[in-house]
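Numbering (this note's numbering), first residue to last: 3 to 487. Just so you know, even glycine gets a beta-carbon here, dropped at the ideal spot from N, CA and C. Values in this document were obtained by computation on a predicted structure and should not be read as measured data.
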Ligand code: NAP
């Protein structure tokens with residue numbers, strides 16, 4: 003079936019749904035959402051590992067126009083966030099716009115006709131005058147190519163593809179990775195497994211998680227008192243923004259956070275040897291700071307072994323480390339994160355004159371405000387280059403980007419134009435500014451390596467400042483920054 007909606011949205015996570023809702027609110031209904039899976043929800047549909055929850059307070063990690071006074075906890079679990087998304091999608095009657103099982107294989111701009119041909123796996127082509135990509139950055143699981151991995155005869159899976167049919171009870175399990183996902187599922191499975199070998203390459207900075215449930219009377223009060231939920235959200239927003247002072251203003255301002263994390267280790271880990279193993283040697287904030295109250299206690303369990311020697315080989319039933327130890331296991335779980343830069347750079351997107359996005363991005367991924375790109379008319383990216391966050395809610399960033407796309411569409415209408423794309427000057431000005439800031443920031447200067455940086459050590463993922471700076475810069479698309487044809 004070939005379709006011709008005016009606007010094609012790719013993905014039905016927070017970004018894709020947020021875009022669709024604003025289109026509808028503006029009275030625009032001629033759009034289609036292409037979703038590769040059989041259900042909506044993006045990250046919050048895919049990640050179902052035990053203990054999966056948001057590490058940003060839920061009153062902030064939700065749409066500003068769909069406040070939810072009924073969040074059960076400060077940091078809601080995955081199922082509740084996914085339910086919220088489905089509820090919002092139903093409220094705005096989005097289901098009828100979503101085409102499930104529609105995996106985008108490529109996109110090509112037809113300049114003569116003024117539309118994008120979006121080709122799907124299976125051969126269908128969806129034709130749209132504009133495309134909004136809401137594919138996100140954290141959806142392609144990254145599994146390291148460890149020597150001998152193919153020989154392993156036990157069970158393996160990635161945290162984002164959790165196999166709930168595989169019973170871990172009484173098993174000897176290897177977990178590789180100690181990032182944001184692992185610190186959530188390690189405490190959950192540690193109680194069930196016979197032995198857990200946790201392979202840590204770099205220790206994360208972990209802070210106490212200010213998590214608690216909201217009582218029914220409190221939720222009722224939020225619902226009844228006008229402005230109460232909004233006030234709570236605003237308080238959380240400004241609280242989270244203060245975490246940016248360390249990289250946006252002065253690294254010395256992050257020192258109290260580092261001290262708090264060190265005290266967390268001292269309080270929760272009595273053994274000096276284990277303390278030393280989990281204490282990072284890089285500046286706080288260089289990698290994403292984590293929140294957990296049960297991760298360190300899990301490491302002190304007698305059946306948990308924190309392994310810091312590098313993995314050299316995988317054998318039929320074991321993981322071998324550099325010190326020569328062979329750790330026998332029945333299963334390997336990869337908490338090794340996602341292919342972040344590739345999530346955008348691997349897309350087959352061909353702009354005006356046959357220009358492939360990979361050619362455009364030969365020196366690294368970039369976009370004007372992280373959203374638009376010269377040579378790619380009417381193409382908008384949500385959570386595109388340099389718009390990720392380590393300190394606040396990305397749903398906030400998505401909302402600013404959606405507003406910017408709406409503003410671009412308004413410019414098109416006002417100018418009676420058919421296409422919009424940014425000028426090279428606007429792109430350069432925006433990127434020069436943020437990269438000047440990034441070069442001196444903690445992610446480059448903090449003494450760590452992270453997925454925030456590309457293979458040339460350039461930060462292509464994070465927004466370098468306060469989120470209100472991004473809001474101020476994007477809230478209106480300025481005609482002089484764009485070519486309107
Ligand atoms: P991650 O934070 O990127 O962590 C990956 C872990 O795997 C790191 O400890 C890394 O070590 C390790 N690793 C990677 N390759 C390895 C290799 N070849 N050998 C040994 N160790 C290896 O991944 P994630 O935990 O899946 O989280 C990804 C992102 O998802 C987060 O940063 C966050 O943005 C998001 N997330 C959010 C939440 C939430 O609550 N909102 C929850 C989970 C995830 P190194 O540090 O040495 O590279």
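Nearest-angstrom Cα separation, counted from residue j out to residue i
| i | j | result |
| --- | --- | --- |
| residue 426 | residue 202 | 43 Å |
| residue 303 | residue 192 | 8 Å |
| residue 129 | residue 117 | 7 Å |
| residue 1 | residue 237 | Residue numbering for the chain in the displayed model covers 3 to 487; residue 1 lies beyond these limits and cannot be assessed. |
| residue 430 | residue 399 | 21 Å |
| residue 325 | residue 149 | 16 Å |
| residue 464 | residue 387 | 8 Å |
| residue 15 | residue 405 | 17 Å |
| residue 301 | residue 164 | 21 Å |
| residue 379 | residue 358 | 13 Å |
| residue 475 | residue 435 | 12 Å |
| residue 41 | residue 110 | 26 Å |
| residue 79 | residue 85 | 10 Å |
| residue 176 | residue 199 | 5 Å |
| residue 331 | residue 322 | 11 Å |
| residue 364 | residue 348 | 12 Å |
| residue 488 | residue 34 | Residue 488 lies beyond the range of the chain shown here (3 to 487); nothing can be said about it. |
| residue 456 | residue 218 | 46 Å |
Residue i beta carbon near the ligand NAP (any heavy atom closer than 7 Å)
| i | result |
| --- | --- |
| residue 231 | no |
| residue 313 | yes |
| residue 182 | yes |
| residue 288 | no |
| residue 249 | no |
| residue 158 | no |
| residue 34 | no |
| residue 39 | no |
| residue 462 | no |
| residue 55 | yes |
| residue 178 | yes |
| residue 187 | no |
| residue 375 | no |
| residue 106 | no |
| residue 73 | no |
| residue 43 | no |
| residue 201 | yes |
| residue 339 | yes |
| residue 146 | yes |
| residue 204 | yes |
| residue 308 | no |
| residue 453 | yes |
| residue 198 | no |
For residue i: DSSP bridge partner residues
| i | result |
| --- | --- |
| residue 472 | Answer by DSSP bridge pairing: none, since residue 472 is not bridged. |
| residue 484 | 424 |
| residue 385 | None, per the DSSP bridge assignment. |
| residue 9 | 33, 132 |
| residue 186 | The partner list for residue 186 (beta bridge, DSSP) is empty, contrary to what the question assumes. |
| residue 197 | 174 |
| residue 117 | 112 |
| residue 307 | 199 |
| residue 374 | 370 |
| residue 215 | 75 |
| residue 390 | 464 |
| residue 208 | 292 |
| residue 455 | 461 |
Sequence-distant residues of its chain with Cβ nearer than 6 Å to residue i (five each side left out)
| i | result |
| --- | --- |
| residue 32 | 7, 8 |
| residue 392 | 290 |
| residue 211 | 293, 294, 295 |
| residue 389 | 372, 399, 465 |
| residue 171 | 194 |
| residue 2 | This structure cannot speak to residue 2, because the chain is shown only from 3 to 487. |
| residue 224 | 71, 230, 231 |
| residue 63 | 56, 395, 397 |
Cutoff 7 Å; reference residue i; Cβ partners in own chain excluding five residues on either side
| i | result |
| --- | --- |
| residue 297 | 185, 188, 189, 208 |
| residue 97 | 91 |
| residue 215 | 74, 75 |
| residue 136 | 11, 12, 13, 15, 17, 18, 21, 384 |
| residue 104 | 36, 37, 38, 122 |
Chain-order list of residues whose beta-carbon lies under 8 Å from that of residue i (same chain, five-residue window excluded)
| i | result |
| --- | --- |
| residue 262 | 209, 210 |
| residue 260 | 207, 285, 286 |
Residue i beta carbon near the ligand NAD (any heavy atom closer than 7 Å)
| i | result |
| --- | --- |
| residue 46 | Annotation note on the ligand NAD: not contained in the displayed structure, which lists the ligand NAP as its ligands. |
Alpha helix (DSSP H) runs contained entirely in the region 119-176, provided each spans 4 or more residues: none
Counting only runs of 4+ residues fully inside the region 313-372, write out the alpha helix (DSSP H) ranges in chain order. 344-347, 359-362
Where are the beta strand (DSSP E) runs, 3 residues long or more, that stay fully inside the region 398-427, in chain order? When DSSP assignments are scanned along the region 398-427, the uninterrupted stretches of beta strand (DSSP E) that are 3 or more residues long and fall wholly within it turn out to be 422-424.
Taking only runs of the beta strand (DSSP E) that begin and end inside the region 52-110, which ones reach a length of at least 3 residues, in chain order? Whole beta strand (DSSP E) segments, 3+ residues: 100-102.
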